[in-house]
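Protein chains in written order, with our numbering: chain A, 1 to 203; chain B, 204 to 453.
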Amino acid sequence: MTDHLAFIGDVHGNICALRGILDALASYEDLHLVFLGDYLNKGANPAEVLELLLTRQRAGDATLLAGNHESALLAALDSADLTSFLKMGGATTIRSYLRRPVDPDVLQDFRDHLPASHLAGLRSMPLVWESEGVLAQHFPANSAGRGFSISAHVPVGLLPRITATSAQLDTGSGSSGDGGRLTALLWPSCNYLQVDAAGRRMF
Amino acid sequence: MVFGIPETVVAQIPDLPGTVTGILIYGSRARGDAVAASDLDLLALVPVQLPSINVGAVSESFYTAAQLRTGISSLFGAHLKRDGKILRDDDGRLAAAIESMGQVDTVRLFSRVRVMSELFTAPDRDLPKYLPGLLREARYLLRSSLYAQAIAEGSPCFSVRELAIRHGDSDLTRLLASRHDEEPTVTDYVACQSRLRELIGEFPRSRHGSLEATVVNEWGGDTDLLSMAFMALGSSGGGSDYAEVEKILL
């Protein structure tokens with residue numbers, strides 16, 4: 001069976017890496033993309049990342065799962081308390097929507113500049129994707145008896161961790177230092193593709 | 204008993220991560236002028252940064268060798284060099300790091316404190332939400348400035364109780380204690396600020412208008428002001444979800 005699914009790990013605001021992985025996956029026909037969450041924070045361009053992802057979702061060829069950074073943003077807006085989101089590095093996300101110094105009332109300024117389509121997109125993200133014996137979600141979980149488990153969230157170094165029953169795909173995209181890599185796992189082959197922080201295809 | 208530390212305190216020392224290669228005790232327990240309520244301050248040398256641990260009366264901070272190097276010529280470094288007692292040092296690197304700390308640059312310290320005090324000048328927006336963090340930092344800046352003043356005057360002192368005596372200011376001991384069980388109050392905050400102004404002058408006007416805006420606008424800049432603002436958000440929670448900013452070593 002040819003590969004028809006790709007699972008992509010934490011992007012964390014790196015638009016170059018996201019464009020690079022989408023380019024690398026473009027050569028596969030009829031591939032559905034399942035993004036495993038954490039599109040925001042860390043890297044400098046969360047707003048552009050989310051815009052591109054939502055475009056692909058509307059086109060019907062991508063599913064966007066929620067990560068804890070998306071959940072934290074929604075919790076901040078719902079509770080009118082930015083503290084935890086800022087402690088997670090939410091500053092880069094807020095900056096990417098404003099492109100200028102933020103007003104003293106950060107929450108209001110951010111609310112005024114977060115597009116309704118992005119907010120709706122964030123609110124509609126499911127936590128789990130399950131099909132054809134594959135269980136995909138942001139957090140690693142025990143999926144015993146529910147098939148092959150695919151997750152992200154926990155950094156595993158520059159290479160994904162792939163076993164007979166699971167795959168972990170957070171290879172550090174958006175992080176400082178070496179900038180990490182963005183990984184896509186192809187299904188059912190379990191081959192994987194990677195791009196570096198600049199979006200260049202690895203090996 | 205090690206250094207006269209009560210067994211009840213020693214028993215509270217948490218298990219240390221396996222990556223620790225050196226441990227040093229500092230503060231009043233190391234100097235030997237601790238009172239019953241004093242904390243046990245421990246510093247552990249690690250290869251990769253870890254969040255601090257506070258358990259009971261024990262406060263354990265983790266530093267990499269690179270972080271310790273930023274303490275050279277700082278008050279923190281001088282304090283460690285003067286009062287610190289090394290309990291464990293697997294490869295001699297902790298002793299070498301402490302030995303290299305050198306003299307405190309008090310002029311530089313006062314100028315850094317002045318920059319950081321900008322964080323205190325948006326009270327209408329910040330105090331309702333961030334008083335605990337801001338009070339903690341006002342204490343830290345006041346305590347550091349008093350230590351630096353004592354050094355600049357040629358009579359170093361890293362004991363809050365002795366500073367209170369020197370300044371004839373009996374409130375200082377309570378005001379500057381590192382651990383506070385009572386609710387933070389605006390009265391204490393104002394008391395710290397007025398004493399700090401006597402040492403460094405008027406605080407700069409807030410350029411960002413709030414603590415949260417300071418975090419957002421200074422983000423990525425690796426500045427003292429960002430570190431201050433970020434830490435004032437509060438230390439609750441912790442864990443791997445949270446971003447790291449540089450520690451402040453005054």
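No residue lacks a Cβ here, since even glycine has one placed at the ideal position from N, Cα and C.
| Asked | Found |
| --- | --- |
| Against chain A, does Met204/B count as a neighbour if the rule is that its beta carbon must be under 9 Å from one of theirs? | Any answer about Met204/B is weak, because its pLDDT of 47 lies below 50 and its placement is not dependable; what the coordinates show is given next. So no, Met204/B is outside the interface. |
| Is the segment 110-117 of chain A close to the segment 90-99 of chain A, with three or more CB pairs under 8 Å? | yes |
| Does the structure place the segment 16-31 of chain A close enough to the segment 186-200 of chain A that three or more beta carbon pairs sit under 8 Å? | yes |
| Just to confirm my understanding: we take Val470/B, look at its own chain, exclude 5 residues before and 5 after, and list those with CB closer than 7 Å. What are they? | The structure shown does not extend to residue 470/B, since chain B is modelled only from 204 through 453, so no value can be given for it. |
| Return no unless some Cβ of chain B is closer than 9 Å to the Cβ of Val11/A. | no |
| In whole angstroms, what separates the C-alpha of Tyr266/B from that of Val258/B? | 18 Å |
| Once DSSP output is grouped into helix, strand and coil, what is the label at Ile208/B? | coil |
| Once the 5 residues before and after Met204/B are set aside, which same chain residues still bring their CB inside 8 Å of it? | With a pLDDT of only 47 at Met204/B, under the threshold of 50, the placement of this residue in the model should not be trusted, and no figure is reported. |
| Please go through the segment 12-53 of chain A and give each complete beta strand (DSSP E) segment of 3 or more residues, from N-terminal end onward. | 32-35 |
| Return the chain-ordered list of same chain residues with a C-beta closer than 8 Å to the C-beta of Pro407/B, the five sequence neighbours on each side being excluded. | Arg317, Val318, Ser320, Glu321, Thr324 |
| Less than 9 Å between CB atoms is the rule here; does Met125/A satisfy it with respect to chain B? | no |
| Does DSSP classify Leu77/A as helix, strand or coil? | helix |
| Would you mind reading off the limits of the beta strand (DSSP E) that contains Gln306/B? | Taken as a continuous stretch (DSSP letters only), Gln306/B belongs to no beta strand (DSSP E), as it is neither H nor E. |
| Can you tell me whether Ala237/B is helix, strand or coil according to DSSP? | coil |
| Could you tell me whether any Cβ in chain B is nearer than 9 Å to the Cβ of Ala141/A? | no |
| Can you list, in chain order, the residues of its chain with a C-beta nearer than 7 Å to that of Ala435/B? Leave out the 5 residues immediately preceding and following it. | Leu322, Tyr333, Gly336, Leu337, Glu340, Leu414 |
| Please confirm whether Leu245/B and Leu278/B have their CB atoms less than 9 Å apart. | no |
| Please tell me whether Asn14/A has its Cβ less than 9 Å away from any Cβ of chain B. | no |
| Give a yes or no on whether 9 Å exceeds the smallest Cβ distance from Gly437/B to chain A. | yes |
| Within the same chain, show all residues whose beta-carbon is closer than 8 Å to that of Gly441/B, passing over the 5 residues directly before and after it, in chain order. | Confidence at Gly441/B is low in this model, with a pLDDT of 47, below 50, so the placement of that residue should be treated as unreliable; the coordinate-derived value is given next. Counting only Cβ-Cβ distances below 8 Å, and skipping sequence neighbours, we find Pro254. |
| Quick check on Gly441/B: does DSSP put it in helix, strand or coil? | Any answer about Gly441/B is weak, because its pLDDT of 47 lies below 50 and its placement is not dependable; what the coordinates show is given next. Three-state DSSP puts Gly441/B in coil, outside helix and strand. |
| Count the other CB atoms within 10 Å of the CB of Asp170/A; is the residue buried (16 or more) or exposed (fewer)? | buried |
| Could you check which residue in Leu219/B, Ser264/B, His383/B has the C-alpha nearest to that of Tyr229/B? | Ser264/B |
| With 16 other CB atoms within 10 Å as the buried threshold, where does Ala351/B fall? | buried |
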